[in-house]
Amino acid sequence: FASLRLAFSAAVLGALLCGPQASAQSAAAPAQTVTLGPSGLPLPRFVSLKSGRVNSRVGPGANYSVDWMYMKAGLPMEIIQEFDTWRRVRDADGSEGWINQSLLSGRRTAIVAPWQRGKGG
16 FASLRLAFSA AVLGALLCGP QASAQSAAAP AQTVTLGPSG LPLPRFVSLK SGRVNSRVGP
76 GANYSVDWMY MKAGLPMEII QEFDTWRRVR DADGSEGWIN QSLLSGRRTA IVAPWQRGKG
136 G
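Our numbering applies: residue 16 is where the sequence shown begins, and numbers increase by one.
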């Protein structure tokens with residue numbers, strides 16, 4: 016019985032000594048770094064299209080050719096890069112292009128898609 020009491024006391028003492036150290040280590044975990052673009056806003060970030068007709072270009076400027084035209088306001092986009100007033104965006108399908116910031120809204124939106132049987136779960 017004495018050896019059981021000694022083992023229990025050692026376990027309690029060990030927990031008391033290690034407990035504060037373990038919680039201090041978890042509290043001191045490094046925070047994630049945030050990458051800021053030239054605008055001072057975080058990258059990547061989510062926005063939506065302001066207009067029902069938005070050209071996506073192959074480069075950051077009106078002199079670059081139009082690669083795609085979006086025809087629905089409110090579509091969600093992810094800004095992944097900034098250059099002057101142009102934003103490199105990625106749409107829900109993973110396509111990327113450059114859109115002028117004046118055609119983007121800071122309002123975050125989403126796409127509701129139907130459930131597909133047999134797809135991941």
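No residue lacks a Cβ here, since even glycine has one placed at the ideal position from N, Cα and C. The structure displayed is predicted, hence computed values, not measured ones.
For the beta strand (DSSP E) that contains ILE94, what are its first and last residues?
-> Taking the first residue of the sequence shown as position 1, residue 94 is located at position 79. Where ILE94 is concerned, the enclosing beta strand (DSSP E) starts and stops at 91-98.
Looking at the structure shown, is LEU58 part of a helix, part of a strand, or coil, going by DSSP?
-> Counted from its first residue, the sequence shown places residue 58 at position 43. LEU58: strand per DSSP, three-state reduction.
Looking at the structure shown, is SER38 part of a helix, part of a strand, or coil, going by DSSP?
-> Numbered from 1 along the sequence shown, position 23 holds the residue referred to as residue 38. Per-residue confidence for SER38 stands at a pLDDT of 49, beneath the threshold of 50, marking its modelled position as unreliable; the derived number appears in the next sentence. In this structure, SER38 counts as helix in the three-state DSSP scheme.
With a cut-off of 8 Å on the beta carbons, I'd call TRP113 and SER71 a contact; round off their distance for me.
-> By one-based count along the sequence shown, residue 113 stands at place 98. By one-based count along the sequence shown, residue 71 stands at place 56. The Cβ separation is near 7 Å, so the contact holds.
Cα-Cα separation, LYS142 to ASN78 = Residue coverage of the chain in this structure runs from 16 to 136, which leaves residue 142 outside it and unanswerable.
Could you tell me which residues DSSP pairs with ILE114 in its beta bridges?
-> Within the sequence shown, the letter at position 99 stands for residue 114. BP columns for ILE114 point to ARG102.
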